[in-house]
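Okay, so here's the structure we're looking at.
Number of protein chains: 2
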Amino acid sequence: MPSPDRIWTAALVVIGDEILSGRTHDKNIAQVAGWLQVQGIRLMEVRVVPDIEVRIVQAVNALRTTHDYLFTTGGIGPTHDDISVDAVAAALGVPVVVHPEARRILEDYYATRGGVSEARLRMARTPEGADLIPNRMSGAPGIKIGNVHMLAGVPHIAAQMLDALTGTLEGGAPLLSETVGGFIKESEVADILREVEQAHPNCQIGSYPFFREGQVGANFVIRSTDANDLRSCVDSLCEALAEAGFDFTPGGI
Amino acid sequence: MPSPDRIWTAALVVIGDEILSGRTHDKNIAQVAGWLQVQGIRLMEVRVVPDIEVRIVQAVNALRTTHDYLFTTGGIGPTHDDISVDAVAAALGVPVVVHPEARRILEDYYATRGGVSEARLRMARTPEGADLIPNRMSGAPGIKIGNVHMLAGVPHIAAQMLDALTGTLEGGAPLLSETVGGFIKESEVADILREVEQAHPNCQIGSYPFFREGQVGANFVIRSTDANDLRSCVDSLCEALAEAGFDFTPGGI
Numbered sequence: 030m031p032s033p034d035r036i037w038t039a040a041l042v043v044i045g046d047e048i049l050s051g052r053t054h055d056k057n058i059a060q061v062a063g064w065l066q067v068q069g070i071r072l073m074e075v076r077v078v079p080d081i082e083v084r085i086v087q088a089v090n091a092l093r094t095t096h097d098y099l100f101t102t103g104g105i106g107p108t109h110d111d112i113s114v115d116a117v118a119a120a121l122g123v124p125v126v127v128h129p130e131a132r133r134i135l136e137d138y139y140a141t142r143g144g145v146s147e148a149r150l151r152m153a154r155t156p157e158g159a160d161l162i163p164n165r166m167s168g169a170p171g172i173k174i175g176n177v178h179m180l181a182g183v184p185h186i187a188a189q190m191l192d193a194l195t196g197t198l199e200g201g202a203p204l205l206s207e208t209v210g211g212f213i214k215e216s217e218v219a220d221i222l223r224e225v226e227q228a229h230p231n232c233q234i235g236s237y238p239f240f241r242e243g244q245v246g247a248n249f250v251i252r253s254t255d256a257n258d259l260r261s262c263v264d265s266l267c268e269a270l271a272e273a274g275f276d277f278t279p280g281g282i
Numbered sequence: 030m031p032s033p034d035r036i037w038t039a040a041l042v043v044i045g046d047e048i049l050s051g052r053t054h055d056k057n058i059a060q061v062a063g064w065l066q067v068q069g070i071r072l073m074e075v076r077v078v079p080d081i082e083v084r085i086v087q088a089v090n091a092l093r094t095t096h097d098y099l100f101t102t103g104g105i106g107p108t109h110d111d112i113s114v115d116a117v118a119a120a121l122g123v124p125v126v127v128h129p130e131a132r133r134i135l136e137d138y139y140a141t142r143g144g145v146s147e148a149r150l151r152m153a154r155t156p157e158g159a160d161l162i163p164n165r166m167s168g169a170p171g172i173k174i175g176n177v178h179m180l181a182g183v184p185h186i187a188a189q190m191l192d193a194l195t196g197t198l199e200g201g202a203p204l205l206s207e208t209v210g211g212f213i214k215e216s217e218v219a220d221i222l223r224e225v226e227q228a229h230p231n232c233q234i235g236s237y238p239f240f241r242e243g244q245v246g247a248n249f250v251i252r253s254t255d256a257n258d259l260r261s262c263v264d265s266l267c268e269a270l271a272e273a274g275f276d277f278t279p280g281g282i
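So the protein sequences, as listed, match chains A and B. The opening residue of the first sequence carries number 30 in the numbering used here; numbering runs sequentially from there. The opening residue of the second sequence carries number 30 in the numbering used here; numbering runs sequentially from there.
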């Protein structure tokens with residue numbers, strides 16, 4: 030149920046040496062961010078931390094206490110470098126237990142796939158008191174404990190878990206946005222952007238320059254929780270750009 | 030000059046609402062991470078923060094004091110939402126000044142491109158005491174003050190600035206890595222990975238599962254600062270996988 034008068038916030042901890050080494054390009058930040066927008070929850074901070082327990086504990090504790098929701102991605106698989114469950118349990122001050130329902134899910138899933146080994150049973154471990162987040166793709170569930178939601182690192186599987194969570198978290202009015210863009214140097218419209226934003230206190234305008242096909246340009250993203258205010262701000266911006274003689278494309282380029 | 034006995038560390042602050050809204054997929058984390066690897070500097074943490082000064086200040090101060098180097102990306106352009114210079118100056122407790130050399134660079138660059146406007150002059154502002162990081166692509170320089178290195182948010186321009194910094198930062202022995210991969214369920218080789226890692230104390234093995242063409246698989250990344258130790262660990266892993274009957278590809282898949 031949306032509570033429009035309150036802003037709901039979230040943070041994300043991305044756990045994994047592979048992101049910090051540059052080997053893997055993270056896809057979960059954008060995925061979690063976009064999903065949260067639709068739930069009416071604002072992603073306020075992301076931290077990417079290595080597979081070192083004390084670092085994960087620090088990040089989890091700094092962020093779970095300052096946001097409505099905390100998400101983590103990565104480190105919940107079957108191998109020795111998957112230490113997120115231990116780290117979150119340590120952060121919360123609870124022991125790690127084998128979750129009976131997770132064990133049953135894994136036993137079912139692996140019944141026709143070679144059986145449950147000790148390594149696979151690692152994926153049934155949760156901090157004590159946790160609920161499970163279903164994962165139709167690979168059996169091993171995500172974990173929800175308090176306001177902490179632990180998702181897989183593999184983007185396809187994380188997406189399944191987000192899907193399972195859709196509609197279960199209380200949020201506020203979604204932040205709406207519209208984009209106007211063009212092959213416009215942002216330095217030439219800086220005054221227009223500032224003035225239009227100042228005239229619409231319930232809206233923010235972000236300017237995102239790019240360099241494409243040998244030309245510079247920018248997209249201007251107008252954001253608001255109120256659809257009417259958003260419309261009015263977009264209209265004012267388009268009028269001001271047209272008056273100053275700029276070519277632009279509603280919807281962005 | 031590499032100092033092999035000391036580990037040099039860095040952190041990165043990605044500044045930008047566009048990443049946190051999910052609108053833009055960040056490319057700078059992987060880019061900065063890969064570049065740092067080659068410099069022999071380990072990226073230990075990334076924080077993505079919104080365009081809110083106090084949030085940037087907090088992240089900058091938490092990370093610049095705990096790592097050898099801090100990098101920032103984003104928020105150094107000409108528009109009202111570019112507040113990174115003000116935030117870093119506030120974090121360092123120094124005023125913002127117009128940097129004479131940056132002003133000259135911008136005047137030269139814009140001499141044939143419509144002249145320097147007030148908005149464009151915003152890009153000559155730096156925290157007092159800063160040096161510039163050249164940027165051949167768009168004129169506006171990056172900023173280096175103390176151990177803080179401020180790069181553009183546009184990935185092409187950030188790449189130019191990293192290029193200009195290549196070889197100027199003291200680092201240690203680069204972390205070397207090799208990958209072995211296959212359509213192998215990581216849960217089936219968890220014991221092998223753990224045992225091989227334990228037998229090679231100077232190496233770490235990371236396991237990175239994927240789901241591709243309807244099949245699950247994993248890449249195993251072996252990391253070490255010592256080329257001989259790395260070789261020996263890779264050989265042990267390949268022998269153990271072969272002995273257990275797994276198909277794998279050196280170099281990863």
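All residues carry an ideal CB built from backbone N, CA and C; glycine is no exception.
Per-residue DSSP class, three states only, for residue i
i	result
A/Met-166	coil
B/Met-30	Caution applies to B/Met-30, whose pLDDT of 45 falls short of 50 and renders its modelled position unreliable; the model cannot decide the point.
A/Ile-221	helix
A/Glu-268	helix
B/Tyr-82	The sequence given here has Glu at residue 82 of chain B, not Tyr. Note: B/Glu-82 maps to helix in three-state DSSP.
B/Val-67	helix
A/Pro-184	helix
A/Gly-145	Sequence inspection shows Val at residue 145 of chain A; the Gly mentioned does not correspond to that position. Three-state result, A/Val-145: coil.
B/Ile-48	helix
B/Leu-161	strand
B/Leu-41	strand
B/Arg-151	helix
B/Leu-204	coil
B/Ile-213	coil
A/Trp-248	The residue you asked about is not Trp; residue 248 of chain A is Asn in the sequence shown. Strand.
B/Ile-282	coil
A/Ile-172	strand
A/Leu-92	helix
B/Glu-226	helix
B/Arg-35	coil
A/Leu-191	helix
B/Ile-198	Reading off the sequence shown, one finds Leu at residue 198 of chain B, where the question assumed Ile. Three-state DSSP puts B/Leu-198 in coil, outside helix and strand.
A/Ala-140	coil
Amino acids of chain A, ordered along the chain, whose beta-carbon sits closer than 8 Å to that of residue i
i	result
B/Phe-240	Met-166, Ser-167, Val-183, His-185, Ile-186
B/Ala-131	Under the 8 Å cutoff, chain A gives no residues; its nearest Cβ is about 14 Å from B/Ala-131.
Residue span of the alpha helix (DSSP H) that contains residue i, given as start and end
i	result
A/Ala-273	Where A/Ala-273 is concerned, there is no enclosing alpha helix (DSSP H), given that its DSSP letter is neither H nor E.
Beta-carbon neighbours of residue i, restricted to chain B and to distances below 7 Å
i	result
A/Tyr-237	Glu-47, Thr-53
A/Ile-44	Correct list: empty, because the minimum Cβ distance to chain B is about 11 Å.
A/Ala-120	Near A/Ala-120 there are no residues of chain B at all, since even the closest Cβ is about 16 Å away, more than 7 Å.
First and last residue of the uninterrupted beta strand (DSSP E) at residue i
i	result
B/His-178	177 to 180
A/Thr-155	154 to 156
B/Gly-235	233 to 241
Contact set between residue i and chain A, taken where Cβ atoms lie within less than 7 Å
i	result
B/Ser-216	Pro-107, Ser-146, Ala-148, Arg-149
B/Glu-226	His-109
B/Leu-222	Thr-108, His-109
B/Thr-213	Note that residue 213 of chain B is Ile in the sequence shown here, rather than Thr. Within chain A, no residue comes near B/Ile-213; the closest Cβ sits about 11 Å away, beyond 7 Å.
B/Gln-68	Neighbours of B/Gln-68 on chain A: none; closest Cβ ~12 Å, over 7 Å.
B/Ala-59	Gly-51, His-54
B/Ala-193	Correct list: empty, because the minimum Cβ distance to chain A is about 17 Å.
Contacts that residue i makes with chain B (C-beta to C-beta distance below 9 Å)
i	result
A/Glu-74	Leu-49, Arg-76, Val-77, Val-78, Pro-79, Arg-84, Ala-88
Chain-ordered chain A contacts of residue i [CB-CB under 9 Å]
i	result
B/Leu-180	The contacting residues do not exist; B/Leu-180 stays about 14 Å from chain A at best.
B/Gly-63	Ser-50, Gly-51, Arg-52
Under 8 Å by beta carbon: chain B residues contacting residue i
i	result
A/Ala-202	Simply none; closest approach about 15 Å.
A/Ala-153	By Cβ distance, chain B contributes nothing, its closest Cβ being about 12 Å from A/Ala-153, past 8 Å.
**Message:** Going residue by residue through the segment 94 to 138 of chain B, where are the continuous beta strand (DSSP E) segments of at least 3 residues, counting only ones entirely within it?
**Reply:** Listed in chain order, they are 98 to 102, 125 to 127.
**Near-chain A residues of the segment 243 to 254 of chain B - C-beta to any C-beta below 8 Å** = The segment 243 to 254 of chain B vs chain A, Cβ under 8 Å: Val-245, Val-250, Arg-252.
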